[in-house]
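Okay, structure first, notes after.
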Amino acid sequence: MMKFPESFSNIPGRETLARSQVLQRSWPVFLDLCVAGIGLACFYGVVVIARYWFGHPEPEIAISLSPRALPQYAFYSVVRIFLAYLLSLIFAIGYGYIAAYSKRVEPLMIAGLDILQSIPVLSFLPGVMLAMVALFPTRQIGVEMGAIVLIFTGQVWNMAFSFYSSIKSIPRELTEAASIYKFSRLQKLIQLELPYAAIGLVWNSMVSVAGGWFFLMACEMFVLGTRDFRLPGLGSYLQTAAGTGNYTAITWGLLTMVAIIVATDQLVWRPVIAWSDKFKFEQVESASRVHSPMLHLFQHSRALQSLGRNTLVPLEEILYRRLAEKRVDASPASTPKADRGATKNGIVSRILRGLVILVGAIAVLYAAWQALTLLREVHGSQFVGILKGAAATFLRVNISLILAAAWTIPAGVAIGFHPRLARIAQPIAQIAASVPATALFPVILLALIRIGGGMNIGSIALMLLGTQWYILFNVIAGAMAIPSDLKEVATLFHFTTIQKWKTVILPGIFPFLVTGMVTASGGAWNASIIAEYFRLKNQTLQTVGLGATISAATDSGQFQILLLATIVMAIMVVTINRLVWRRLYRLAETRYKLGD
Numbered sequence: 001m002m003k004f005p006e007s008f009s010n011i012p013g014r015e016t017l018a019r020s021q022v023l024q025r026s027w028p029v030f031l032d033l034c035v036a037g038i039g040l041a042c043f044y045g046v047v048v049i050a051r052y053w054f055g056h057p058e059p060e061i062a063i064s065l066s067p068r069a070l071p072q073y074a075f076y077s078v079v080r081i082f083l084a085y086l087l088s089l090i091f092a093i094g095y096g097y098i099a100a101y102s103k104r105v106e107p108l109m110i111a112g113l114d115i116l117q118s119i120p121v122l123s124f125l126p127g128v129m130l131a132m133v134a135l136f137p138t139r140q141i142g143v144e145m146g147a148i149v150l151i152f153t154g155q156v157w158n159m160a161f162s163f164y165s166s167i168k169s170i171p172r173e174l175t176e177a178a179s180i181y182k183f184s185r186l187q188k189l190i191q192l193e194l195p196y197a198a199i200g201l202v203w204n205s206m207v208s209v210a211g212g213w214f215f216l217m218a219c220e221m222f223v224l225g226t227r228d229f230r231l232p233g234l235g236s237y238l239q240t241a242a243g244t245g246n247y248t249a250i251t252w253g254l255l256t257m258v259a260i261i262v263a264t265d266q267l268v269w270r271p272v273i274a275w276s277d278k279f280k281f282e283q284v285e286s287a288s289r290v291h292s293p294m295l296h297l298f299q300h301s302r303a304l305q306s307l308g309r310n311t312l313v314p315l316e317e318i319l320y321r322r323l324a325e326k327r328v329d330a331s332p333a334s335t336p337k338a339d340r341g342a343t344k345n346g347i348v349s350r351i352l353r354g355l356v357i358l359v360g361a362i363a364v365l366y367a368a369w370q371a372l373t374l375l376r377e378v379h380g381s382q383f384v385g386i387l388k389g390a391a392a393t394f395l396r397v398n399i400s401l402i403l404a405a406a407w408t409i410p411a412g413v414a415i416g417f418h419p420r421l422a423r424i425a426q427p428i429a430q431i432a433a434s435v436p437a438t439a440l441f442p443v444i445l446l447a448l449i450r451i452g453g454g455m456n457i458g459s460i461a462l463m464l465l466g467t468q469w470y471i472l473f474n475v476i477a478g479a480m481a482i483p484s485d486l487k488e489v490a491t492l493f494h495f496t497t498i499q500k501w502k503t504v505i506l507p508g509i510f511p512f513l514v515t516g517m518v519t520a521s522g523g524a525w526n527a528s529i530i531a532e533y534f535r536l537k538n539q540t541l542q543t544v545g546l547g548a549t550i551s552a553a554t555d556s557g558q559f560q561i562l563l564l565a566t567i568v569m570a571i572m573v574v575t576i577n578r579l580v581w582r583r584l585y586r587l588a589e590t591r592y593k594l595g596d
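Just so you know, we're using the UniProt record's numbering here: the sequence shown kicks off at 1 and counts up by one.
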């Protein structure tokens, strides 16, 4: 047996090499322990929520303003926003997919998105909450589901627009490749459409979750007559603190909200952004990549790698193989018996479709007749006032969109082109977008009144605060999705700044910019209900506008004015959709589409 001299053990670097080998063996174990800890924490959170939701509802919940209650309240609010986001993501993918591939219903579905995102979330509140409580009268889950559905109505629309526009702008060569390889619809969705739409969905998800914090305050503090639907949460904590003038509690609540937003950015959005970067459509890999320690944790965990290799991949292969076998079985020429069966099924389906259309038409005609009966109570002067208000609100909406685009487009491109800047600017934008605009509006309004601006400028300011983030986050997503090879070509040929904007940047971000402008426009119409009619220090400040007309009619119980104003708003939104946004979407699908 060979014996090394004693001096060999003192060779420089041998101890460092041994320590490195120990770290290499222990590091995957540490990663697996971290993943296991995250899994156990999630399981415990599910148990806590299940016990609370399936318990008996409390007749009246007292909101504690003690800082010790904040961790529990914050946990409840985060769960509500997270579940509302999952519901929004599923709906957005399904709705956007159907709208993109169903030519007959596409115009109707897109117009429906425009109308729904323009209707204030608070308009859904009484009906949705009462319906959910009626479904679960003896359990707390009824009120919780009502709050989640209402948060969903404030998060989903821009995500649906994003997925729809991404599908419509998929390069033709990718679609042809999927057809050549005979992808099924499910396989095409998973391997082409979802990856191509990933970047836009991620950034729209961030702005949707940020908007969820705004609607959280209203959903957790809902009282209808003698019925109390308040929920323990961060939103109800902040609103109770503001109502009692407890500035210490307000500070604690805002600090907790900021901490949650920053933690969400680092633990969720930063890993998702880094993961979605691999779906960028480019031939040359970008030199600058977004990195995330949390993503590194999940990608290098041996337990997760083993789960994917031994479970997920085989299941995926089995699923795709069975789908391929079904297509092969369906490909031979059908027999006369099969043809007769198909013809019979076709007749039955047409009859059922006709019955559904007939029932729907009768319901629509009945509702329209009742509405016309109610509208007969509107006087001519009131109708003229509604038209004047519609013109004023239309002007404010477009001014707010122009002001928002003026700074968000250059800022979003700068953030999307520079990952280092994105690491700093994204959390700041998340925090700014998550702070409810109505919380800042009283301060802005008081300042404007002192300098002589008043509600005319104040309403535009509130619309701007509530809508600019939709454009910013979409522009960032568009800038990040521009292929690196196009950027390198622009650098190689020494494009000037103007040439780069005309030939690379604006065409590259155009589909995302259209999505941002559409959702921002709907958000501005939605915000007009508050921006043009605001209560401040026991007095009501209002200006001429359609939003002020709707709010005033709601307060006074003039339902005929409320109905007519809502119809006028819907007609204006649909008209703008047909004349402007649909044409811009068509332009994005053709001229500014990557590929041939």
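Backbone N, C-alpha and C fix where the C-beta goes; we use that ideal spot for every residue, glycine too.
Buried versus exposed, by CB contacts within 10 Å (16 or more), Thr549
It counts as buried.
If you compare alpha carbons, which of Ala363, Thr393, Ile49, Leu83 is closest to Trp525?
Cα-wise, what sits closest to Trp525 is Thr393.
Among the residues of its own chain, which have a CB less than 7 Å from the CB of Leu355, if the five just before and after it don't count?
Excluding residues within five positions, none has a Cβ falling inside 7 Å.
Could you check where the beta strand (DSSP E) with Leu541 kicks off and where it finishes?
539 to 542 is the extent of the beta strand (DSSP E) around Leu541.
Backbone CA spacing between Lys168 and Ile38 [nearest angstrom]:
Between Lys168 and Ile38, the C-alpha separation is close to 38 Å.
What are the boundary residues of the alpha helix (DSSP H) that Thr575 is part of?
In the DSSP assignment, Thr575 falls within the unbroken alpha helix (DSSP H) covering 559 to 576.
What's the gap between the Cα of Met455 and the Cα of Ser400?
Those two C-alpha atoms are separated by around 14 Å.
Cβ contact (3+ pairs, closer than 8 Å) linking the region 228 to 237 and the region 497 to 512:
With a cut-off of 8 Å, the region 497 to 512 and the region 228 to 237 do not count as touching, because too few Cβ pairs lie within range.
Three or more C-beta pairs below 8 Å linking the region 58 to 77 and the region 177 to 189:
They do not touch, by the three-pair rule.
Segment contact flag, the region 77 to 87 with the region 245 to 254, C-beta cutoff 8 Å, min 3 pairs:
When Cβ pairs closer than 8 Å are counted between the two stretches, the region 77 to 87 is seen not to touch the region 245 to 254, the count staying below three.
First and last residue of the uninterrupted alpha helix (DSSP H) at Arg396
Per DSSP, Arg396 belongs to the alpha helix (DSSP H) from 380 to 417.
For Tyr592, which of helix, strand or coil comes out of DSSP?
Reduced to three states, the DSSP call for Tyr592 is coil.
Would you kindly work out how many angstroms separate the C-alpha atoms of Pro521 and Val514, rounded to a whole number?
Per the sequence shown, the amino acid found at residue 521 is Ser instead of Pro. One Cα belongs to Ser521, the other to Val514, and the distance between them is close to 10 Å.
Among the residues of its own chain, which have a CB less than 7 Å from the CB of Ala241, if the five just before and after it don't count?
Excluding sequence neighbours, Ala241 sits near Leu65, Ala249, Ile250, Gly253.
Using only alpha-carbon positions, find the residue among Arg583, Leu564, Ala588 that is nearest to Glu377.
Ranking the options by Cα distance to Glu377, first place goes to Leu564.
Jot down the residue ranges of each uninterrupted alpha helix (DSSP H) in the region 225 to 265, minimum 4 residues, whole runs only, in chain order.
The qualifying runs are 234 to 244, 247 to 264.
Could you give the distance in angstroms between the alpha-carbon of Pro107 and the alpha-carbon of Ala99?
Roughly 8 Å between the two C-alpha positions.
Looking at C-beta atoms only, is the number of pairs between the region 470 to 490 and the region 416 to 435 that lie closer than 8 Å three or more?
At 8 Å Cβ cutoff, the stretches touch.
Does the distance from the CB of Asp265 to the CB of Val573 come in under 8 Å?
At a Cβ-Cβ threshold of 8 Å, Asp265 and Val573 do not count as neighbours.
Once the 5 residues before and after Gly211 are set aside, which same chain residues still bring their CB inside 7 Å of it?
The residues Gly154, Gln155, in chain order, have a CB closer than 7 Å to that of Gly211 in the same chain once the five nearest residues on each side in sequence are set aside.
Does the separation of the CB atoms of Tyr52 and Gln191 fall below 8 Å?
In this structure, Tyr52 keeps its C-beta atom at 8 Å or more from the C-beta atom of Gln191.
Phe534 - DSSP class collapsed to helix/strand/coil:
Strand.
Under the rule that 16 or more other beta-carbon atoms within 10 Å means buried, what is Ala588, buried or exposed?
Ala588 should be labelled buried.
Figure out for me which residue from Val202, Gly94, Gln299 has the closest Cα to the Cα of Gln426.
Looking from the CA of Gln426, the closest CA among Val202, Gly94, Gln299 belongs to Val202.
For Ile199, three-class secondary structure by DSSP
In the structure shown, Ile199 sits in a helix (DSSP, three-state: H, G or I).
Checking 8 Å against the spacing of the C-beta atoms, do Ile199 and Ser276 come in under that value?
Yes, Cβ-Cβ distance for Ile199 and Ser276 is below 8 Å.
Is the separation between the beta-carbon of Val518 and that of Trp581 shorter than 8 Å?
Result yes, Cβ atoms of Val518 and Trp581 sit closer than 8 Å.
According to the neighbour-count rule (16 or more other Cβ atoms, all chains shown, within 10 Å of its Cβ), is Val396 buried or exposed?
For the sequence presented, residue 396 should be read as Arg rather than Val. Arg396 is buried by the Cβ-count criterion.
Nearest residue (CA-CA) to Leu297, options Pro271, Gly458, Lys278:
Pro271 is the residue among Pro271, Gly458, Lys278 whose C-alpha sits nearest the C-alpha of Leu297.
Taking just the CA atoms, how far does Ile362 sit from Ala368?
Spanning the two alpha carbons is a distance of roughly 10 Å.
Endpoints, alpha helix (DSSP H) assigned at Gly308
Per DSSP, Gly308 is not a residue of any alpha helix (DSSP H), being assigned neither H nor E.
Per DSSP, what kind of secondary structure is Thr554 in: helix, strand or coil?
In the structure shown, Thr554 adopts helical secondary structure according to DSSP, grouped into three states.
Hey, how far is the Cα of Ile110 from the Cα of Gly96?
Answer to the nearest angstrom: the Cα atoms are 9 Å apart.
Skipping 5 residues on each side, what residues in its chain have a beta carbon closer than 6 Å to that of Pro507?
Contacts found: Tyr592.
What do you get for Gln370, buried or exposed, if any count of 16 or more other CB atoms within 10 angstroms of its CB means buried?
Exposed: under 16 other Cβ atoms inside 10 Å.
Entirely enclosed alpha helix (DSSP H) segments - the region 102 to 186, minimum 4 residues
As far as the region 102 to 186 is concerned, its whole alpha helix (DSSP H) runs of at least 4 residues are 106 to 118, 121 to 135, 141 to 168, 172 to 180.
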